[in-house]
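Colleague: Numbering (our numbering), first residue to last: 6 to 450.
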């Protein structure tokens with residue numbers, strides 16, 4: 006069994022490609038069904054955020070697994086094989102495992118140490134469980150990665166201060182305009198990232214915060230939190246003439262403002278300062294043609310790299326502390342994987358010794374049952390079971406402490422000495438997967 010990750014991230018993939026690979030929302034049940042329909046894919050978790058689209062899987066064959074993931078991504082996103090080959094990152098086994106731990110800890114984020122990614126990893130794992138994606142291995146892997154991410158945030162200063170895409174957007178606006186004092190900020194979207202941006206902007210003496218959202222109730226709730234004002238979604242465009250900064254983060258799968266929408270409002274604008282538009286949505290919500298409109302400064306999420314680079318340089322010393330925590334948790338997980346391979350042999354050994362116990366007890370009771378009361382018989386049953394457990398505990402514990410080559414040698418010896426009928430690891434694994442999926446929601450096919 007191999008862990009494999011296919012990913013498109015902000016490190017090497019431009020936003021115009023990433024936005025086509027976004028996988029979330031109401032389509033996820035069918036997305037999981039399509040992915041798991043590939044027989045090469047035994048388990049899967051989909052992590053889709055504004056900066057990455059990553060698929061974590063368990064496969065038997067690396068070559069066949071890679072082909073299955075490429076085929077799935079091409080079908081699901083409409084991206085050509087050539088584009089995927091150019092931008093997609095493939096990681097396997099220890100590299101894929103290490104990458105996930107780094108992602109959960111915020112080390113692979115655009116803004117080093119940003120905290121939202123840990124919640125996104127947890128949500129991706131929970132969604133996968135809901136749709137039958139995560140099995141024995143990815144279940145353990147994602148729980149371990151979340152634990153590592155929590156430790157990184159609580160035991161180091163990696164998350165100290167304002168570290169988020171929203172904070173980078175605010176810093177970019179401040180850098181572009183020079184001074185935000187008295188500025189009017191229009192927030193398009195009322196989610197967590199808009200809320201973070203509004204709270205950060207409050208520290209720079211802005212004059213007005215205006216919130217527009219398709220749900221006016223949500224806009225009102227956010228406006229109340231940040232001492233701002235809510236407007237109906239249809240009033241968004243008219244408000245542009247008063248805005249100095251527009252920060253956009255909605256879940257819309259299309260552009261919500263075009264170049265003509267904006268150009269038509271600029272003639273009514275009293276200020277000579279440019280309007281700064283920052284689109285941190287993926288897919289993008291602001292038409293890239295806005296760049297051509299005089300008096301407009303348009304930035305998308307990839308333009309935050311310069312701000313993020315400064316943040317990364319300032320926090321470089323903390324990374325080593327985080328990596329030390331991750332290394333410990335990764336070692337713990339890899340030890341579990343190594344010992345998981347022993348499970349069929351240990352199960353067979355316990356079954357064999359247990360069968361011998363039952364055979365001998367049956368023979369004994371056949372001759373002497375009348376000499377013991379039911380209570381005494383129960384005590385003997387309990388004592389012999391405890392004896393079996395004691396006998397097996399030491400060799401089992403020693404096996405788990407051994408290196409993989411030592412485990413393999415000693416497991417082979419035990420198999421021969423006790424004439425064990427050991428279930429094939431792949432069969433054992435698939436049976437565990439089937440048992441797990443029978444306890445989760447059925448796939449939508």
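Positions of the beta carbon are idealized from the N, C-alpha and C atoms, including for glycine. This one's a predicted model, so the numbers in the text were calculated from it and none came from an experiment.
On the three-state DSSP scale, how would you describe residue 447?
Modeller: Your numbering for residue 447 matches position 442 in the chain shown. Here residue 447 scores only 39 on pLDDT, less than 50, and its place in the model should not be relied on; the value that follows carries that caveat. Note: residue 447 maps to coil in three-state DSSP.
Colleague: When we look at the beta-carbon of residue 423 and count the other beta-carbons within 10 Å, is it buried (16 or more) or exposed?
Modeller: Counted from its first residue, the chain shown places residue 423 at position 418. When all chains shown are included, residue 423 counts as exposed.
Colleague: In this structure, does DSSP put residue 136 in helix, strand or coil?
Modeller: Position 131 of the chain shown holds residue 136. Note: residue 136 maps to coil in three-state DSSP.
Colleague: Find out if the Cβ-Cβ distance for the pair residue 199, residue 119 is shorter than 8 Å.
Modeller: Mapped onto the chain shown, residue 199 falls at position 194. Mapped onto the chain shown, residue 119 falls at position 114. Not in contact: residue 199 and residue 119 (Cβ atoms no closer than 8 Å).
Colleague: Name the DSSP bridge partner or partners of residue 53?
Modeller: Here residue 53 refers to the residue found at position 48 of the chain shown. Its beta-bridge partners are 58.
Colleague: Where does residue 367 sit, in a helix, a strand or coil, going by DSSP?
Modeller: Numbered from its first residue, the chain shown carries residue 367 at position 362. Here residue 367 sits in helix by DSSP.
Colleague: Do you know offhand how far residue 449's Cα is from residue 92's?
Modeller: Here residue 449 is taken as the residue at index 444 of the chain shown, counted from 1. Here residue 92 is taken as the residue at index 87 of the chain shown, counted from 1. Unreliable placement is indicated for residue 449, whose pLDDT of 31 sits below 50; the coordinate value is still reported in the next sentence. If I take the Cα positions, the gap works out to 30 Å.
Colleague: Is the separation between the beta-carbon of residue 249 and that of residue 278 shorter than 8 Å?
Modeller: Taking the chain shown and counting its residues from 1, the one referred to as residue 249 is at position 244. Taking the chain shown and counting its residues from 1, the one referred to as residue 278 is at position 273. In contact: residue 249 and residue 278 (Cβ atoms closer than 8 Å).
Colleague: Return the CA-CA distance between residue 75 and residue 144, expressed in angstroms with no decimal places.
Modeller: Start at 1 with the first residue of the chain shown, and residue 75 comes out as number 70. Start at 1 with the first residue of the chain shown, and residue 144 comes out as number 139. If you take the alpha carbons of residue 75 and residue 144, they lie about 23 Å apart.
Colleague: In this structure, how does DSSP classify residue 12 when only helix, strand and coil are distinguished?
Modeller: In the chain shown, residue 12 corresponds to position 7, counting from 1. Correct three-state label for residue 12: strand.
Colleague: Let me confirm a value: residue 369 is counted as buried when at least 16 other C-beta atoms fall within 10 Å, else exposed. Which label applies?
Modeller: In the chain shown, counting from the first residue as 1, residue 369 sits at position 364. By the 10 Å Cβ count, residue 369 comes out exposed.
Colleague: If contact is defined by three or more beta carbon pairs under 8 Å, each pair taking one atom from either stretch, is the region 173-190 in contact with the region 202-221?
Modeller: Taking 8 Å as the limit for Cβ pairs, the verdict is that the region 173-190 does touch the region 202-221.
Colleague: Give, in chain order, every unbroken run of the alpha helix (DSSP H) that is at least 4 residues long and sits entirely within the region 161-235.
Modeller: Entirely contained in the region 161-235, the alpha helix (DSSP H) runs reaching 4 residues are, in chain order, 170-182, 197-206, 221-230.
Colleague: Only counting the same chain, and skipping five residues up and downstream in sequence, which positions put a Cβ closer than 7 Å to that of residue 223?
Modeller: Taking the first residue of the chain shown as 1, we reach residue 223 at position 218. Around residue 223: 195.
Colleague: Put residue 71 into one of helix, strand or coil per three-state DSSP.
Modeller: Sequence index remark: in the chain shown, residue 71 carries index 66 (1-based). Three-state DSSP puts residue 71 in a helix.
Colleague: Looking only at its chain, what residues have a beta carbon closer than 7 Å to the beta carbon of residue 112, apart from the 5 residues adjacent to it on each side?
Modeller: Within the chain shown, numbered from 1, the residue matching residue 112 stands at position 107. Around residue 112: 324, 327.
Colleague: Give every residue of the same chain whose Cβ lies closer than 8 Å to the Cβ of residue 30, excluding the five residues on either side of it in the sequence, and list them in chain order.
Modeller: Stepping through the chain shown from its first residue, residue 30 is reached at position 25. Contacts found: 256.
Colleague: Would you check if the region 31-39 and the region 133-141 touch, i.e. whether three or more CB-CB distances between them fall below 8 Å?
Modeller: Enough Cβ pairs lie closer than 8 Å, so yes.
Colleague: Confirm, please, whether the CB-CB distance from residue 102 to residue 231 is below 8 Å.
Modeller: For the purposes of this step, residue 231 is taken as residue 226 along the chain shown, with counting starting at 1. For the purposes of this step, residue 102 is taken as residue 97 along the chain shown, with counting starting at 1. In this structure, residue 102 does not lie closer than 8 Å to residue 231 by Cβ.
Colleague: Give the secondary structure of residue 7 by DSSP, where H, G and I count as helix, E and B as strand, and everything else as coil.
Modeller: Working through the chain shown from its first residue, we reach residue 7 at position 2. The answer is strand: DSSP assigns residue 7 an E or B state.
Colleague: For residue 291, verify whether its CB is less than 7 Å away from any heavy atom of the ligand ADP.
Modeller: Absence of the ligand ADP is noted for the structure shown, with no ligands found whatsoever.
Colleague: State the Cα-Cα distance for the pair residue 337 and residue 150, rounded to the nearest angstrom.
Modeller: For this step, residue 337 is matched to residue 332 along the chain shown. For this step, residue 150 is matched to residue 145 along the chain shown. The alpha-carbon atoms of residue 337 and residue 150 are separated by roughly 11 Å.
Colleague: Could you tell me which residues DSSP puts in a beta bridge with residue 302?
Modeller: Working through the chain shown from its first residue, we reach residue 302 at position 297. 281.
Colleague: For residue 54 and residue 122, which I take to be in contact (beta-carbon distance under 8 Å), what is that distance rounded to the nearest angstrom?
Modeller: The residue labelled residue 54 in the question sits at position 49 within the chain shown. The residue labelled residue 122 in the question sits at position 117 within the chain shown. Correct: roughly 7 Å between the Cβ atoms.
Colleague: Please identify the residue among 10, 389, 140 whose C-alpha is closest to the C-alpha of residue 440.
Modeller: As a first step, residue 440 is located in the chain shown; it is residue number 435 there, counting from the start. Ranking the options by Cα distance to residue 440, first place goes to 140.
Colleague: Which first and last residues belong to the alpha helix (DSSP H) in which residue 252 is found?
Modeller: Within the chain shown, numbered from 1, the residue matching residue 252 stands at position 247. Element bounds for residue 252: not the alpha helix (DSSP H) but the beta strand (DSSP E), 250-253.
Colleague: Would you mind working out which of 305, 298, 90, 297 sits nearest residue 291, comparing C-alpha positions?
Modeller: To locate residue 291, count along the chain shown from 1; it is residue 286. Here the closest residue by C-alpha is 305.
Colleague: Got a sec, what are the start and stop residues for the beta strand (DSSP E) residue 377 sits in?
Modeller: As a working note, residue 377 is residue 372 in the chain shown. Neither: residue 377 is in no beta strand (DSSP E) and is coded neither H nor E.
Colleague: Going by DSSP, what residue range makes up the alpha helix (DSSP H) through residue 338?
Modeller: The residue given as residue 338 occupies position 333 in the chain shown. Unbroken alpha helix (DSSP H) run through residue 338: 321-345.
Colleague: Return the chain-ordered list of same chain residues with a C-beta closer than 6 Å to the C-beta of residue 179, the five sequence neighbours on each side being excluded.
Modeller: Working through the chain shown from its first residue, we reach residue 179 at position 174. Closer than 6 Å at the Cβ level, and outside the excluded window around residue 179, lie 185.
Colleague: Under a three-way DSSP split, which group does residue 41 fall into?
Modeller: For this step, residue 41 is matched to residue 36 along the chain shown. Helix at residue 41.
Colleague: Are the region 284-302 and the region 329-343 touching by the rule of at least three beta carbon pairs closer than 8 Å?
Modeller: With a cut-off of 8 Å, the region 329-343 and the region 284-302 do not count as touching, because too few Cβ pairs lie within range.
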